[in-house]
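I have placed the structure first, in the form of structure tokens, so that the comments after it can refer back to it.
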Amino acid sequence: MMTGPTRKRAVLYARYSSDVQKATSIDGQLLLCRKIAARNDLDVIGAFVDAAKSGLTENARDGYQQLLNGVRNHDFDVVIVEHFDRLSRDPATIQRLKQVFEFNGVELMDQKGVYATATDISIASLYNTIYKPQLADKVRRGHDNAVASGRIPGPYAYGYRPRPGAPGERVIDENEAKIVVRIFTEYVSGRSTRDIAADLTRQGLPSPGATRHKNKAGRTNFGRHGRGIIGNELYIGEIHWNVRSTILNPETQKKQKRRNPEDRHIIVKKPELRIVPQVLWDRAQKVRSGRAIHMFGPTGKPRRRPVIPRNNEHPLAGVLRCGVCNGNMRIAQSSRNGAPRAACANAHQRGTCEHTRSFDMDVLLEDVSSKMELKLLSPKAIEEAMRAWKEERKNDRKKNSEHANLERRLRTLTTEIERLSYAIANSRRKPDELLKRIDECDVERETVKERLRLLGSGSENVIPFDHPKFGDRYRPEAKRLVTALKINPKAIETRVAFRNLIDSIVVHPVRKRMPYEYTPYLNSASLSSMNLFPENRRKTREISAFVYYDNVKSEKSVSS
Numbered sequence: 000m001m002t003g004p005t006r007k008r009a010v011l012y013a014r015y016s017s018d019v020q021k022a023t024s025i026d027g028q029l030l031l032c033r034k035i036a037a038r039n040d041l042d043v044i045g046a047f048v049d050a051a052k053s054g055l056t057e058n059a060r061d062g063y064q065q066l067l068n069g070v071r072n073h074d075f076d077v078v079i080v081e082h083f084d085r086l087s088r089d090p091a092t093i094q095r096l097k098q099v100f101e102f103n104g105v106e107l108m109d110q111k112g113v114y115a116t117a118t119d120i121s122i123a124s125l126y127n128t129i130y131k132p133q134l135a136d137k138v139r140r141g142h143d144n145a146v147a148s149g150r151i152p153g154p155y156a157y158g159y160r161p162r163p164g165a166p167g168e169r170v171i172d173e174n175e176a177k178i179v180v181r182i183f184t185e186y187v188s189g190r191s192t193r194d195i196a197a198d199l200t201r202q203g204l205p206s207p208g209a210t211r212h213k214n215k216a217g218r219t220n221f222g223r224h225g226r227g228i229i230g231n232e233l234y235i236g237e238i239h240w241n242v243r244s245t246i247l248n249p250e251t252q253k254k255q256k257r258r259n260p261e262d263r264h265i266i267v268k269k270p271e272l273r274i275v276p277q278v279l280w281d282r283a284q285k286v287r288s289g290r291a292i293h294m295f296g297p298t299g300k301p302r303r304r305p306v307i308p309r310n311n312e313h314p315l316a317g318v319l320r321c322g323v324c325n326g327n328m329r330i331a332q333s334s335r336n337g338a339p340r341a342a343c344a345n346a347h348q349r350g351t352c353e354h355t356r357s358f359d360m361d362v363l364l365e366d367v368s369s370k371m372e373l374k375l376l377s378p379k380a381i382e383e384a385m386r387a388w389k390e391e392r393k394n395d396r397k398k399n400s401e402h403a404n405l406e407r408r409l410r411t412l413t414t415e416i417e418r419l420s421y422a423i424a425n426s427r428r429k430p431d432e433l434l435k436r437i438d439e440c441d442v443e444r445e446t447v448k449e450r451l452r453l454l455g456s457g458s459e460n461v462i463p464f465d466h467p468k469f470g471d472r473y474r475p476e477a478k479r480l481v482t483a484l485k486i487n488p489k490a491i492e493t494r495v496a497f498r499n500l501i502d503s504i505v506v507h508p509v510r511k512r513m514p515y516e517y518t519p520y521l522n523s524a525s526l527s528s529m530n531l532f533p534e535n536r537r538k539t540r541e542i543s544a545f546v547y548y549d550n551v552k553s554e555k556s557v558s559s
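Going by numbering that gives the first Met the number 0, the sequence shown opens with residue 0, and the numbers climb by one from there.
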């Protein structure tokens, strides 16, 4: 019996930009897209939406990212949108997105009901290039007019609530106003904003956004651009508008705030909105200025520090663990010389750990390198590691599973590199992003290969632990690593060798200005081979990323 052609699978995408727009905009877009699918005999299998998300960003849109994952996985054949600008208002992004769709065999359709061509996308990109500045000017002009008449566009500050039936107007919330006065009073008494916020959270008092207090009491004291509560002039009855502008970094897709020239500032008096007495306000600003000068010097402004290295470029990245909660440590800040400082993620991000001190990763690496031979390569340390490794080999059968996972990952990385290479060969734009991704995959592939070599048995380079000269033949390779850490610790081969030897370093709490205390743990799998450094590495250019495949690491491979 003859069967008709298979209907193409289609998904819908809808988005609206601002939280001041109506959520019904999503429903209207989806309804239109379903009609388009019905007219073209398409089988709608799903929809992706982003509410109150700007079309100029990509990473902040969950629905958009899920759509891209579906495109890469070939989960559908057609994507239907009301307009192309629903996907992105950035011309470069929409052009790149069309190339991604074409590479994965997915077609794009808008409300005209025809499949989009390169010409359609180019016209839409040109329109967005002209439309975006005009829209920004109109929105800015409308906001300026609203402020001049005493209204405030956007969200309302803590201590106020919107006046019903009067968009943009504010009235004082008496309960929150008492908390604002309390914050100012405690601040001028000498308490830090961090301690004030912690007390408010512990007492269960409401905070902006109905979340726990996040040091919003005085963010500016720590060198950030936001005014926070301590620096908000609205609490003395003044609306300060257009003081700063938000711009989008085209490389990182992250928003940044910059201060506007004085002649562009708009200041409007609203005495009925005053919450903080003038005397208390002046004392708070004096304390604030004094703390800024103490932290940043005579200017009271933060000094621009060197860029913090990427997390995955440091040999200790992904190695450090907290000695209190055993959680991961991450780069949280930088020293005055620009060196990255690691801190417990649970303490700094979630507030669930008491280990709040940060550690200079360069100082820690230097100390680890100098003590590595004594702490990790002594006969006693190797003997204990051998014993743990033998016990693991007897009782643990996960090695084969780990080996299979590594093999699978290796095939995936090889396929990914081949796919990216094909994309570069057929791309008309600068392939910088694709080359960067190839570099990352190449480094991870070398790491996976090295771990496979370490797990492999029967190799000619493997010396049994029972061999009396194992330690004598292993130590020179470790000494080579110590030397490499001193000469060029960020080299790809050095970082791979370091991760092959060290499974983790547990950093313990110490008092300020005291030497660091830590416990390093050997990766027992590395003891099954003489060579820590990857062999016969074909390196055609410098690779600036190091990726470690954590999913195949077993806790049983740790031995002290």
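The beta-carbon is built from N, C-alpha and C at its ideal position, and this holds for glycine as well.
Which listed residue (the options) has its alpha carbon closest to that of residue i
i: residue 414; options: 228, 142, 444 and 402; result: 444
i: residue 101; options: 70, 85 and 50; result: 70
i: residue 27; options: 270, 85 and 65; result: 85
i: residue 323; options: 137, 123, 355 and 6; result: 355
i: residue 281; options: 499, 235 and 412; result: 235
i: residue 351; options: 325, 442, 118 and 202; result: 325
i: residue 82; options: 96, 66, 13 and 73; result: 13
i: residue 263; options: 273, 147 and 475; result: 147
i: residue 103; options: 131, 68 and 133; result: 68
i: residue 180; options: 150, 158, 197 and 62; result: 158
i: residue 246; options: 8, 132 and 499; result: 132
i: residue 7; options: 73, 283, 517 and 419; result: 73
i: residue 36; options: 11, 336, 197 and 52; result: 11
i: residue 268; options: 237, 347 and 112; result: 237
i: residue 452; options: 419, 409, 475 and 197; result: 409
i: residue 152; options: 201, 239 and 420; result: 239
Distance, residue j Cα to residue i Cα
i: residue 40; j: residue 75; result: 14 Å
i: residue 291; j: residue 382; result: 54 Å
i: residue 241; j: residue 510; result: 44 Å
i: residue 164; j: residue 49; result: 28 Å
i: residue 220; j: residue 190; result: Reliability fails at residue 220, whose pLDDT of 36 lies under 50, so the model's placement of it is uncertain and the value that follows must be treated cautiously. Computed Cα separation, rounded: 12 Å.
i: residue 448; j: residue 29; result: 47 Å
i: residue 560; j: residue 107; result: Limits of the chain in this structure are 0 at one end and 559 at the other, which puts residue 560 out of reach.
i: residue 232; j: residue 116; result: 52 Å
i: residue 140; j: residue 256; result: 19 Å
i: residue 557; j: residue 508; result: Model confidence at residue 557 stands at a pLDDT of 32, short of 50, so the residue's coordinates are unreliable; what they give is reported in the following sentence. Each residue's Cα considered, the two are about 21 Å apart.
i: residue 138; j: residue 144; result: 10 Å
i: residue 66; j: residue 45; result: 10 Å
i: residue 484; j: residue 24; result: 57 Å
i: residue 497; j: residue 362; result: 16 Å
i: residue 295; j: residue 446; result: 42 Å
i: residue 434; j: residue 442; result: 12 Å
i: residue 162; j: residue 171; result: 9 Å
i: residue 59; j: residue 168; result: 30 Å
i: residue 349; j: residue 437; result: 34 Å
i: residue 404; j: residue 411; result: 11 Å
i: residue 279; j: residue 175; result: 17 Å
i: residue 9; j: residue 61; result: 19 Å
i: residue 156; j: residue 313; result: 41 Å
Presumed contact (8 Å Cβ cut-off) between residue i and residue j, rounded CB distance
i: residue 360; j: residue 344; result: With 8 Å as the limit, residue 360 and residue 344 do not qualify as a contact, their Cβ atoms being about 14 Å apart.
i: residue 315; j: residue 341; result: 7 Å
i: residue 503; j: residue 318; result: 6 Å
i: residue 178; j: residue 186; result: Not a contact, Cβ separation roughly 12 Å.
i: residue 287; j: residue 230; result: 7 Å
Burial state of residue i (16 or more Cβ within 10 Å)
i: residue 513; result: exposed
i: residue 89; result: buried
i: residue 353; result: exposed
i: residue 109; result: buried
i: residue 297; result: exposed
i: residue 92; result: buried
i: residue 417; result: exposed
i: residue 15; result: buried
i: residue 367; result: buried
i: residue 135; result: exposed
i: residue 5; result: exposed
i: residue 477; result: buried
i: residue 166; result: exposed
i: residue 379; result: exposed
i: residue 173; result: exposed
Within-8 Å CB hit, residue i to chain B
i: residue 276; result: The structure shown contains no chain B; it is built from a single protein chain.
List in chain order: all unbroken beta strand (DSSP E) runs of 3+ residues lying wholly within the region 5-66. Entirely contained in the region 5-66, the beta strand (DSSP E) runs reaching 3 residues are, in chain order, 8-14 and 42-49.
Could you name each continuous alpha helix (DSSP H) segment of 4 residues or more that falls completely within the region 151-213, going from the start of the chain to the end? DSSP runs (the alpha helix (DSSP H)) wholly in the region 151-213: 173-187 and 192-201.
Continuous alpha helix (DSSP H) assignments of at least 4 residues falling wholly in the region 68-154: 90-102 and 117-147, all fully within the region 68-154.
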